[in-house]
Amino acid sequence: MLPAPPSAKWASVTLVFLRLSKKASSRSRCVRLADAQHPVTNAGSRLDFPAPEELLHFFRSIDLTGRSALVAAVSGGSDSVALLMLARAWLKTAAPEVRLIAVTVDHGLRPGSAHEAQTVRELCARHGIVHQVQHWHGDKPSTGIAAAARDARYGLLAQSARTAGTDIVLAGHTLDDQVETISMRGTRGDGRGLAGMASATLYDQTVWIVRPLLQVRRTALRSWLTEAGIGWVDDPTNSDVRYERPRMRLALNESAAPIPVEAAQRARISLGKRAAWLISHHAQQVAPGLICLEPDFLSHSDADAGTYALRIMLAAVGGVEHLPEEARSGALHHKLRTGAARATLSRCVVERRRGGVFLRRELRGLPAAAPVVHGAVWDGRFIVDANHASTDLRVAPMGEGAPIAHQRHDCSIAQSLVRASLAAQPAFFINDILAGPTVDAGKARALARFSPMLTPWARFLPAFDLAPARSLARLLGHPVPPSSPFTGHIEG
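Be aware that the sequence shown starts at 96, since it is given in this note's numbering, and climbs by one per residue.
Structure below.
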């Protein structure tokens, strides 16, 4: 969540922009630069047209300490063009030394995409902004194209950010996008998802996707662009009802008030902090791949936090991207609290014994033996880190016959549990002979090893979930995610 504008409460933020958007809607129009031989609106744009404080305010909470550059994702549509020009106005007064780099991702899915990228390039040249075009190369899937394009886009934007030496990519998602997102998630009964998009999301554990316009209506942005004489391009896919978001956009009543999200966001952050406390105080990794939940975890009075913490750890141990169903997890949590139990969920074996509840990866569905590839994801739980290429070196599950004498583990834990957890752990094999979880080159230098992934937040970590993600990282021995990119504001 971003802080409210000066002298305003959260509840009044949307009303401010609703009034602004209604006032502006009569004079705001879309300028289709792609249809014009000469983009007259851009040519006549006023380079120093003032940006209203109501719009610039949402940029001011971004922490620029130690950052020398920012990347702005600019497709050429009204939202991203407004984002770019507002960021330029903000940096000009707040931090003129910080470089602003506009990046356009050309997915290569429509004939006009290259022309739209050129339009953005011309706009940037007129305003003295560095512009880059990233292309999505390779074969495109025949199904799930929207999701694949999104994944490719974020990957290319993150690549541009790393090259520029920054960890922030500005994205132009608006209040309209937020309402659509919540509505889509609501149709699927996604409880946590009703908090909507976070104002910042950590991508690939390295780059923040920051959304400073999440409380602004699209009509307000278009009104300001029109007054400034700055045009934009309409992407036809935004009205293509073959995709879910355009269908939802069409179904929503544009005059209706936005869905309030503050309560859902606060509830999600609060639940995450409580679950984080349980993980930090009552869960430990007692052997590789074996998590023990202490008896106090089950006896704790906060059952909601306990169920959420259990869901998080099940996803992590099982290597699955999404949390298990809340209803099934809640039933399992209740069963574990009331007596001995053994179950499987999210590719995990869950077993209550005298010393607590133990979670481990089940042996079914493990990856087959394969050559070692640096950067490869293994079972959704580990990344292969290898600086040694050899046809003799392969990666596979350690197997049930794995020796445990030299493996780090709590000696008070039943050996059968340790063996079962180790059997599902990855290992390197040289000529089909077990070499172990690392291959050393001598002098403490590893030729190959496995690094744990922060599943389920390995790719996308909303700032809502920072608290439980940090606790989980410490539990798994994963680097702790960085702080929120906002000044004086803690989101978990």
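The beta carbon of each residue, even a glycine, is placed where N, CA and C say it ideally should be.
Nearest-angstrom Cα separation, counted from residue j out to residue i
{"i": "residue 178", "j": "residue 390", "result": "50 Å"}
{"i": "residue 564", "j": "residue 582", "result": "20 Å"}
{"i": "residue 457", "j": "residue 498", "result": "18 Å"}
{"i": "residue 580", "j": "residue 423", "result": "35 Å"}
{"i": "residue 404", "j": "residue 379", "result": "13 Å"}
{"i": "residue 183", "j": "residue 207", "result": "27 Å"}
{"i": "residue 151", "j": "residue 189", "result": "11 Å"}
{"i": "residue 523", "j": "residue 160", "result": "42 Å"}
{"i": "residue 232", "j": "residue 163", "result": "29 Å"}
{"i": "residue 512", "j": "residue 385", "result": "8 Å"}
{"i": "residue 254", "j": "residue 234", "result": "20 Å"}
{"i": "residue 427", "j": "residue 476", "result": "23 Å"}
{"i": "residue 570", "j": "residue 417", "result": "19 Å"}
{"i": "residue 219", "j": "residue 194", "result": "13 Å"}
{"i": "residue 328", "j": "residue 186", "result": "24 Å"}
{"i": "residue 133", "j": "residue 461", "result": "Model confidence at residue 133 stands at a pLDDT of 30, short of 50, so the residue's coordinates are unreliable; what they give is reported in the following sentence. For residue 133 and residue 461, the distance between alpha carbons rounds to 58 Å."}
{"i": "residue 573", "j": "residue 318", "result": "46 Å"}
{"i": "residue 554", "j": "residue 300", "result": "7 Å"}
{"i": "residue 528", "j": "residue 262", "result": "42 Å"}
{"i": "residue 321", "j": "residue 180", "result": "13 Å"}
{"i": "residue 521", "j": "residue 473", "result": "8 Å"}
{"i": "residue 489", "j": "residue 481", "result": "11 Å"}
{"i": "residue 526", "j": "residue 514", "result": "23 Å"}
{"i": "residue 202", "j": "residue 256", "result": "18 Å"}
{"i": "residue 487", "j": "residue 467", "result": "9 Å"}
{"i": "residue 532", "j": "residue 544", "result": "6 Å"}
{"i": "residue 470", "j": "residue 548", "result": "12 Å"}
{"i": "residue 552", "j": "residue 360", "result": "18 Å"}
{"i": "residue 450", "j": "residue 383", "result": "17 Å"}
{"i": "residue 221", "j": "residue 366", "result": "48 Å"}
{"i": "residue 396", "j": "residue 546", "result": "35 Å"}
{"i": "residue 145", "j": "residue 381", "result": "59 Å"}
{"i": "residue 550", "j": "residue 561", "result": "13 Å"}
{"i": "residue 266", "j": "residue 448", "result": "48 Å"}
{"i": "residue 238", "j": "residue 191", "result": "44 Å"}
{"i": "residue 452", "j": "residue 478", "result": "27 Å"}
Close-in-space but distant-in-sequence residues of the same chain around residue i (CB under 7 Å, 5 per side omitted)
{"i": "residue 252", "result": "166, 168, 198, 200 and 264"}
{"i": "residue 271", "result": "312 and 313"}
{"i": "residue 432", "result": "393"}
{"i": "residue 441", "result": "409, 410, 413, 415 and 419"}
{"i": "residue 154", "result": "181, 182, 185 and 307"}
{"i": "residue 557", "result": "293 and 296"}
{"i": "residue 213", "result": "none"}
Close-in-space but distant-in-sequence residues of the same chain around residue i (CB under 6 Å, 5 per side omitted)
{"i": "residue 445", "result": "438 and 454"}
{"i": "residue 425", "result": "402"}
{"i": "residue 375", "result": "566"}
{"i": "residue 236", "result": "243"}
{"i": "residue 248", "result": "200"}
{"i": "residue 215", "result": "169, 171 and 199"}
{"i": "residue 578", "result": "none"}
{"i": "residue 304", "result": "264, 266, 296 and 298"}
Heavy atom of the ligand HEM within 6 Å of residue i beta-carbon
{"i": "residue 314", "result": "The ligand HEM is not part of this structure, which contains no ligands at all."}
Chain-order list of residues whose beta-carbon lies under 8 Å from that of residue i (same chain, five-residue window excluded)
{"i": "residue 268", "result": "174, 292, 306, 308 and 309"}
{"i": "residue 443", "result": "409, 412, 413, 454, 455, 456 and 457"}
{"i": "residue 420", "result": "none"}
{"i": "residue 229", "result": "198, 199, 200, 201, 251, 252, 254 and 255"}
{"i": "residue 227", "result": "196, 197, 198, 199 and 255"}
{"i": "residue 400", "result": "366, 369, 370, 372 and 373"}
Residues sharing a beta bridge with residue i, DSSP
{"i": "residue 208", "result": "BP columns for residue 208 are empty, so no partner."}
{"i": "residue 380", "result": "386"}
{"i": "residue 546", "result": "478"}
{"i": "residue 229", "result": "200"}
{"i": "residue 307", "result": "Answer is none; residue 307 lacks a bridge partner."}
{"i": "residue 298", "result": "302 and 555"}
{"i": "residue 525", "result": "488 and 528"}
{"i": "residue 185", "result": "DSSP lists no partner for residue 185."}
{"i": "residue 157", "result": "581"}
{"i": "residue 194", "result": "164"}
{"i": "residue 263", "result": "303"}
{"i": "residue 465", "result": "490"}
{"i": "residue 372", "result": "Beta-bridge pairing links residue 372 to no other residue."}
{"i": "residue 473", "result": "477"}
{"i": "residue 356", "result": "DSSP, once it has assigned bridges, lists no residue as partnering residue 356."}
query = Does the region 433-443 come close enough to the region 479-494 that 3 or more CB-CB pairs lie under 8 Å?
reply = no
request  = Identify every run of the beta strand (DSSP E) within the region 385-460, keeping only runs that are complete inside it and at least 3 residues long; order them along the chain.
outcome  = 385-388, 437-440, 443-448 and 451-456
ask   = Are three or more beta carbon pairs between the region 364-379 and the region 294-304 nearer than 8 Å?
value = no
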